[in-house]
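Asker: Each residue of the sequence shown is one higher than the one before, starting from 1 at the first, in UniProt numbering.
Where is the CB? At the ideal position from N, CA and C, for every residue including glycine.
Pasting a structure below so you can have a look.
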Amino acid sequence: MKRPTLAKHPLVSHWLQSLPQDTLPHPPEGRREYDVVVVGGGISGFSTALHFSQLSNNTTTVAVLDARSVAGGATGRNGGLVRPGAPAPFAALCAQFGEREATRLLDFERDNLAALKHFVASRNSSIIDPGLVEFPCGAFGGLYSVAAKSEAMRDCRDWRNHHRVPPVSGFLSRNNINAVTGLHIDDPAIEAGATNFQEYRVDPARLVLAIAQTVLSNDNTHFYPHCHVLRVDRQQEDSKSEKDSFKFTLHTSLGTFKCNKIVYATNAWTAALLPNIPITPVRNQVVCTTPTTNDNWRRGLFALVLNNGKEYMSGRGDGRIVLGGMRHLAENDDYGCDRDDELHPVVSKGLREYFPTKFDGFDNDNTFTIDREWAGIMGFTDDRIPLVGSLCGVGDYYGGGEFIIAGFCGHGMTRAFLSGKAVAEMILGKTPSGNFPASYSPARLVVARKTASKEKETLGFHANVATHTIDIHGSAEPCFYFGNSFVMGQNFRDMLVMLISCLFIFAMLFLANKG
């Protein structure tokens, strides 16, 4: 896989153009040694730093490094929406992960929303307001056919049967969706009307800045913007000296940093530092309009999602509309593209022509135009599930002390905040709390590789272990992973047979060595 590169002059998003980043404190001169270094200053990186600071009672030192600045990657370039939901219908999730994990995947996203709301509501008065607001009418998703509506209704019943409020809260008819949004009634996307579901809007860059302002009020946490990490060197335990007791050396554009724990909150650019981790950059484009006088949209009462999520738009409450998506118009859906310094012309044309061709009421709005257009690079995993946890035993990273929080597949706003808490807990040797999904574990990469090569998986990556024993000062980290047995669909008999086989092999090796 080609290593992604970071564009030097990315397009500036609506969220980043006026972000008051000068409110953050400067790091101390010459400080380059920390207990923990977090690479990436988006919602994942700063959430990890915040929770780690809180859980460790501000007793350990943390550095957050970013090649750009606050929310300079995908977070500060998205569509400004927060939608808790499930990554697939309940039946599909059960088939892949089992019932317990299926419900956990939904619960975790709702827990993230609740945690974000609590953070915003309880923040210090000096912390910037990120504008997290629920749409009074929620969001609407177009239904392509009567069969699609039947499937959505069946999925609602499945969730209710397992004691969960379904992600979809209701349905609208074709006429109602036209009356509310102005969407042309002949659009095939609303053949069977639309679903209705919970949705929030937020200024994503301000949200990350609020998290950064909060955590950087702790004297033990520092932020280094414009600090591009170029390479990470790993030192083996037995090669440490009294002069250099640090496990990791980070070579950056600002010099060398050293630490004993490192967190890769690098999303689409992960493969630049971890080439064995399969996260692919995918470009998405977004536009923001000038304020509109369109009665359907000027008050910002709802969001609209069409074409299976490939087109999404929302009123921002100030008359502006943010529209994103349409990457399906690009070759290969812009999969593998890491250029957020330029736009795909066909996608750009589709976004700019979207409003007058899809909706009533924009033709007569003479002041309505596109105010700004930008691109953002998402990080996609092969299975569309994030990678959150220890990298011990994954790829070439055998020694422990390395953690990842990345690969959110364009849906990080309701996953990243508490994923950061889970990583912080793992660093401190704790089991992730709450409804953190076991399916997020990077251990599945090892199982997937061995399955693909038709090799026999080893016991270590099937054990359903919920333990991470890690000393913050750099002792060895056991390569245990939690909840992976159901990820591969292994039943108890398979695991028992594998255990006996492994014990037999170990016994034979022992006897051979004795002889």
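Between which two residues does the alpha helix (DSSP H) containing Thr214 stretch?
Answerer: Residues Pro204 to Val215.
Asker: When you compare each of Val346, Phe362, Gly412 and Val447 to Gly393 by their alpha carbons, which one comes out closest?
Answerer: When each option's Cα is compared against that of Gly393, the closest is Val447.
Asker: I'd like to check one pair, Ser390 with Pro442: are the Cβ atoms closer than 8 Å?
Answerer: Yes. Within cutoff.
Asker: Can you list, in chain order, the residues of its chain with a C-beta nearer than 6 Å to that of Thr59? Leave out the 5 residues immediately preceding and following it.
Answerer: If we look at Thr59 and ignore the five residues flanking it on each side, it has no Cβ neighbours.
Asker: Which word fits Asn175, buried or exposed, when buried means at least 16 other C-beta atoms lie within 10 angstroms of its C-beta?
Answerer: That one is exposed.
Asker: Inspect the CB distances between the region 35-47 and the region 1-19 and report whether three or more fall short of 8 Å.
Answerer: The region 35-47 is not in contact with the region 1-19.
Asker: To the nearest angstrom, how far is the alpha carbon of Phe52 from that of Lys421?
Answerer: So the two alpha carbons sit approximately 7 Å from each other.
Asker: Report the option in Ala139, Leu55 and Tyr200 whose CA atom is closest to the CA atom of Met413.
Answerer: Considering only alpha carbons, the answer is Tyr200.
Asker: Could you tell me which residues DSSP pairs with Glu151 in its beta bridges?
Answerer: Answer is none; Glu151 lacks a bridge partner.
Asker: Any chance you could list the beta strand (DSSP E) runs of at least 3 consecutive residues sitting entirely within the region 316-367, in chain order?
Answerer: List check, beta strand (DSSP E) in window: 321-325.
Asker: Helix, strand or coil for Gly389? Go by DSSP, reduced to three states.
Answerer: Strand.
Asker: Within 10 Å of its beta-carbon, does Lys2 have 16 or more other beta-carbons around it, so buried, or fewer, so exposed?
Answerer: So Lys2 ends up on the exposed side.
Asker: Which first and last residues belong to the alpha helix (DSSP H) in which Phe52 is found?
Answerer: That run of the alpha helix (DSSP H) goes Ile43 to Leu55.
Asker: Whole angstroms is fine: what's the gap from Gly319's alpha carbon to Ser18's?
Answerer: Near 18 Å, if we compare the C-alpha coordinates of Ser18 and Gly319.
Asker: What is the DSSP secondary structure of Thr115, counted as helix, strand or coil?
Answerer: Strictly speaking, residue 115 in this sequence is Ala, with Thr absent from that position. Reduced to three states, the DSSP call for Ala115 is helix.
Asker: Return helix, strand or coil for Glu311, following the three-state DSSP convention.
Answerer: DSSP places Glu311 in strand when its eight states are reduced to three.
Asker: Along the chain, where does the beta strand (DSSP E) containing Met378 start, and where does it finish?
Answerer: Run containing Met378: Ile370 to Thr381, per the beta strand (DSSP E) assignment.
Asker: Which ranges would you report for the alpha helix (DSSP H) in the region 401-446 if only whole runs of at least 4 residues count?
Answerer: Taking only runs of at least 4 residues, the alpha helix (DSSP H) segments lying wholly in the region 401-446 are 416-427.
Asker: Going straight from the alpha carbon of Lys149 to that of Glu331, what length do you get?
Answerer: The straight-line gap from Cα to Cα measures roughly 30 Å.
Asker: The alpha helix (DSSP H) that contains Asn176, what's its start and end?
Answerer: Run containing Asn176: Arg174 to Thr181, per the alpha helix (DSSP H) assignment.
Asker: Flag this pair as touching only if the region 54-69 and the region 92-100 have three or more C-beta atom pairs under 8 Å; answer yes or no.
Answerer: Not touching, per the Cβ criterion.
Asker: Would you mind reading off the limits of the alpha helix (DSSP H) that contains Thr270?
Answerer: It spans Thr270 to Leu273 - the alpha helix (DSSP H) in which Thr270 sits, taken as one unbroken run.
Asker: Grouping DSSP H, G and I as helix and E and B as strand, with all else coil, what is residue 516?
Answerer: Since the first residue of the chain shown is 1 and the last is 515, residue 516 is not available in this structure.
Asker: Closest to Glu402 by CA distance: which of Cys337, Cys259 and Gly361 is it?
Answerer: Glu402 has its Cα closest to that of Cys259, out of Cys337, Cys259 and Gly361.
Asker: Specify, as a first and last residue, the run of the beta strand (DSSP E) that Phe302 falls within.
Answerer: Note, Phe302: premise wrong, no beta strand (DSSP E); not H, not E.
Asker: Looking only at DSSP bridge pairs, what is Arg283 linked to?
Answerer: Paired residue(s): Ile377.
Asker: How far does the alpha helix (DSSP H) with Phe90 in it reach, from first residue to last?
Answerer: Run containing Phe90: Phe90 to Phe97, per the alpha helix (DSSP H) assignment.
Asker: Taking just the CA atoms, how far does Pro130 sit from Arg206?
Answerer: Going by the C-alpha atoms only, they are around 5 Å apart.
Asker: Let me see if you follow: with CB-CB separation under 8 Å, is Glu99 close to chain C or not?
Answerer: Protein chains in the displayed structure number just one, and chain C is not present.
Asker: Quick one, are the C-beta atoms of Arg77 and Gly315 less than 8 Å apart?
Answerer: The answer is no: Cβ separation not under 8 Å.
Asker: In three-state DSSP terms, what is Asn276?
Answerer: Three-state result, Asn276: coil.
Asker: So, are the CB atoms of Gly407 and Phe436 less than 8 Å apart?
Answerer: Cβ distance not < 8 Å, so Gly407 and Phe436 don't count as in contact.
Asker: Measuring CA to CA, which of Arg327, Val287 and Gly300 is closest to Val180?
Answerer: The option with the nearest alpha carbon to Val180 is Gly300.
Asker: Quick one: give me the first and last residue of the beta strand (DSSP E) that Leu250 is part of.
Answerer: From DSSP, the beta strand (DSSP E) with Leu250 extends over Phe248 to Thr252.
Asker: With a 10 Å radius around its C-beta and 16 neighbouring C-beta atoms as the bar for buried, classify Asn284 as buried or exposed.
Answerer: Per the 10 Å Cβ criterion, buried.
Asker: Please look up how many angstroms separate the CB atoms of Tyr440 and Ile385, rounded, as I've assumed it's under 8 Å.
Answerer: With 8 Å as the limit, Tyr440 and Ile385 qualify as a contact, their Cβ atoms being about 6 Å apart.
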